[in-house]
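Chains A and B are the protein sequences, given in the same order. Here the first sequence is numbered in the numbering used here, starting from 474 and rising by one per residue. Here the second sequence is numbered in the numbering used here, starting from 9 and rising by one per residue. Ideal Cβ placement from N, Cα and C applies to all residues, glycine included. Being a predicted model, the structure only gives us computed values, none of them experimental. To start, the structure itself, in structure tokens.
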Amino acid sequence: MRVSGRYFDGTSSRAIVVEVVAYAGHLRIQGEGVDREIELAAITASERLGSTARILRLSGEATLELPDSDELEAVLRPATIHGAPRFVFGLERHWLAVCVAVAITLAVGWLVVVDGVPALASYVAHRVPADIATELGRGTLEALDEQVFGATELDAESRGNFRDRFEVLAAEASLEIAPRLEFRAGLGVGANAFALPSGIVVVTDELVMLAEREEEVVAVMAHEIGHVRHRHGLRSVLQSVGIGVLVAGALGDFVSVGSVAGALPLLLVQMQYSQGFESEADAYGGDLLEAVGLDREHLATALERLAADSGADAVPGYLSTHPATDERVQAIRGAAARSVDR
Amino acid sequence: MPPAELPFSNAPGDAAAPKPSRRRFEFTGQPGEYFRIWIVNLCLTVVTLGVYSAWAKVRTRRYFYQNTRLDGSGFEYTAEPLKILIGRLIVLAFGVLYALAGQFSPQAAVAMIVLLFLASPWMAVRSLAFNHRNSRWRGIRFKFLGSYGEAAKVFLAMPLLVAVTFGLAAPYHHGRQHQFLVANTAYGQSRATFDWEGSGYYIAYLIAFGVVIVGGMIAVVAVAGVVGLAGLETTAEDPESAAGILAVVPMMVGYFAVYGFAAAVIHAMTTNLRYTFSVFPGVRFDSTLSPGGIVWLYLKCGVVVLLTAGLGLPWASIQIARYRAEHLTVLAADGFDHFQQAEEDAHGLGAIADEAAVGFDFDFGL
């Protein structure tokens, strides 16, 4: 092989045009004031990359810049390659391989996001010992008290009554993480209920006021115990960490996390995860109600009342953290019909 | 393709001095070629659960460096992928810890943020040093010589000054950051200088401020018009919320248009200033970015990326790199052959700080 290139001695920025000849495991480099021979095995060559020039690091700081070609690549066999392994360039060069790469990327990405991350998060969440899960969630209620909630204004009698009914549910559920009931003034969040990772179920005063029957509140509690049972708090934390890490770590070079293009799909994905949790909690809550001798219809009624109160469902289903109320109510009533059949 | 040698138009009339040559940066990357590199990088990264991302990063950066050419020579990026991988793992561990701490112990999360804040000057200097040391042109290394103390002053103390002056010091701070970045850069033994004055930065910010005020007024009038028209057609049921939803979309568009243009003004004008003030021995720069050009470029790229569900990203990256290169010219008094290599420092800089800076999305304006 004979090729002309440019030589840089590593001490000055002057380019020297050289003729390079390859023979018997060596390169002979000749040009104005340059005449050297170097063993190919002692050279470190930059990886093959598109149609860019190859940069060969010779002994010390000297470099040699040569136009890339298959012939040069064959000559450089004994050299060390700096960068990605040689097969990567081969993949890039073949359109079939590129098409396969597009397909694999989309398919694996889809699988990981839709199944992989939730499955992994669920696996990990259910293997965290109950006392550790409780400990981890200790600060959450305090933080919410500071930022969101006010003190409850329900009378002691009413609270005691709900507490008793909650204990019946909790006893029936008999979970590793024991659910505990707390009342708070919802203020900004209005009529609502929350399950925290530590097993604490928060019911807002507004929810109790809104309900027309006590059983509706009990039904919402059962739904929240469903969140505790399935460790949704911990799982959603792990899932958002997982997805965030995936996007930032693996795709950081390809999609800027800060950009809308990166953040929007992330948000949509997390909302879909959340919808799955709500459906799971609905199913569990309905079963739990029936187990303590209540009608699961109460949950459906409570959901409809909450939806009417908040004016929810103004946003399309795929943009929401909760599934559309109609769908949830239908699912609950469907489950009721099936359990009657049994 | 050798760069065209253009006559130096605004040279002083000194006949004895050799005429400086004017050379434009070139960007020779091709969208089709880069798409293939990008998708194979992405695929291998996904298949290896992210491990390959370090090699992908080096390959990507190398592609852009090598295809950015000046006077016939491309730039070289020589970082070790393995160092970048180790850096990524450490950043990943910190990120996971922070995310978990944020959920379960606000105090721990705050402590981590404070730690990160205090470490940020160190991280900035380390990442700049890592990147400079691994960048070469014609075999000569770049070097970053900034101290942690100066970084702390520029990145920690001066933002406080900006805050207490209600933003009046922001343009000055912008220029001071440029000074920190440029005046601490050396190419071989040649250290850059940055003889700057703040007035240009203040003019850029004033124009951007004017854009926000005038654009904001136009946007408010336009949104009110849209809502008013729609309101006439809304029936009695829930006029308030219907108008509210109708107003949200044009408001978002208006917001992005106004602030996008203001950001483009600041970006274009301050980038031009940065290059105007940067001088290497015998070498000056001339940058001719225009706000309109920047807005059009990013708009075009954003639309293509959205319409192609992200597959147009490599195309967009190439357009942006090409635009930047084509608007940067170098004026060399006596060519590019006189630069000398500097002694290499013994201490091996790792990629950790660089990765930390990337992982937490700190943009130091590089």
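**Item:** Buried or exposed (CB count within 10 angstroms, at least 16 for buried), Q197/B
**Value:** exposed
**Prompt:** Any idea if G563/A is buried or exposed, counting beta-carbon neighbours within 10 angstroms, 16 or more meaning buried?
**Reply:** exposed
**Request:** Would you be able to state if there are at least three C-beta pairs under 8 Å between the segment 92–102 of chain B and the segment 578–590 of chain A?
**Result:** no
**Request:** State buried or exposed for I468/A, treating a residue as buried only when at least 16 other CB atoms are found within 10 Å of its CB.
**Result:** The displayed coordinates of chain A run from 474 to 815. Any statement about residue 468/A would go beyond what the structure contains.
**Item:** For L539/A and V494/A, believed in contact at Cβ under 8 Å, the rounded distance
**Value:** Between L539/A and V494/A the Cβ distance is about 12 Å, and since that is not below 8 Å, they are no contact.
**Prompt:** For F750/A, which residues of its own chain have a beta-carbon under 8 Å away from its beta-carbon, when the five flanking residues on both sides are left out?
**Reply:** H700, H703, H705, R708, S709
**Message:** For the alpha helix (DSSP H) containing A780/A, name the first residue and the last one.
**Reply:** 770–783
**Message:** DSSP three-state label for G506/A, please.
**Reply:** coil
**Message:** Taking 8 Å as the limit between beta carbons, can you name the residues of its chain near D482/A, skipping five residues before and five after?
**Reply:** I489, V507, E534, A535
**Message:** Only counting the same chain, and skipping five residues up and downstream in sequence, which positions put a Cβ closer than 6 Å to that of E520/A?
**Reply:** I554, G556, A557
**Message:** Within 8 Å of any Cβ in chain A, is that where the Cβ of I92/B sits?
**Reply:** no
**Asked** Buried or exposed: where does M131/B fall if 16 or more other Cβ atoms within 10 Å of its Cβ makes it buried?
**Response** buried
**Item:** Candidates G715/A, R801/A, R657/A, of which the one nearest E619/A by Cα
**Value:** R657/A
**Item:** Beta-carbon gap between F83/B and S143/B smaller than 8 Å
**Value:** yes
**Prompt:** Within 8 Å (strictly less), CB to CB, does F639/A reach chain B?
**Reply:** no
**Prompt:** Could one say the Cβ of S29/B lies closer than 8 Å to chain A's Cβ atoms, at least one of them?
**Reply:** no
**Minimum Cβ-Cβ distance from R487/A to chain B less than 8 Å** = yes
**Message:** Tell me which residues of the segment 35–55 of chain B have at least one Cβ-Cβ distance to chain A shorter than 9 Å, keeping chain order.
**Reply:** T36, G37, Q38, E41, Y42, F43, R44, I45, W46, I47, V48, N49, L50, C51, L52, T53, V54, V55
**Item:** Minimum Cβ-Cβ distance from G504/A to chain B less than 8 Å
**Value:** no
**Request:** Determine the direct distance from the alpha carbon of C51/B to that of G183/B, and round the result to whole angstroms.
**Result:** 41 Å
**Request:** Give, in chain order, every residue of the segment 171–205 of chain B whose Cβ lies closer than 9 Å to some Cβ of chain A.
**Result:** Y195, G196
**Prompt:** Are the Cβ atoms of P551/A and G478/A separated by less than 8 Å?
**Reply:** no
**Request:** Check whether the Cβ of L108/B lies closer than 8 Å to any Cβ atom in chain A.
**Result:** yes
**Message:** Any beta carbon from chain A within less than 8 Å of S128/B's own beta carbon?
**Reply:** no
**Message:** Pull the bridge partners of H499/A from the DSSP assignment, please.
**Reply:** Y496/A, E512/A
**Prompt:** Opposite F635/A in the DSSP bridges: which residues?
**Reply:** Paired residue(s): none; F635/A is not in a bridge.
**Asked** G301/B CB to nearest chain A CB: under 8 Å?
**Response** no
**Prompt:** Identify the residues that DSSP records as bridge partners of H140/B: which are they?
**Reply:** Paired residue(s): none; H140/B is not in a bridge.
**Message:** Using 8 Å as the threshold, is the C-beta distance between A576/A and I47/B below it?
**Reply:** no
**Message:** On the CB-based measure, 16 or more other CB atoms within 10 Å of its CB, does S532/A come out buried or exposed?
**Reply:** exposed
**Touching by the beta-carbon criterion (3+ pairs, under 8 Å), the segment 673–688 of chain A and the segment 646–664 of chain A** = yes
**Request:** Give me the Cα-Cα distance between L792/A and A107/B, rounded to the nearest whole angstrom.
**Result:** Unreliable placement is indicated for L792/A, whose pLDDT of 48 sits below 50; no coordinate value is reported for it.
**Collapsed DSSP secondary structure at G301/B in the structure displayed** = helix
**Item:** Selection from S61/B, Y42/B, Q115/B that minimises the alpha carbon distance to S524/A
**Value:** Y42/B
**Prompt:** What distance in whole Å lies between the Cβ atoms of L93/B and A62/B, which are believed to be in contact at a cut-off of 8 Å?
**Reply:** 4 Å
**Contact residues within the segment 510–532 of chain A, judged by C-beta distance below 8 Å to chain B** = S519, E520, L522, G523, S524, T525, A526, I528
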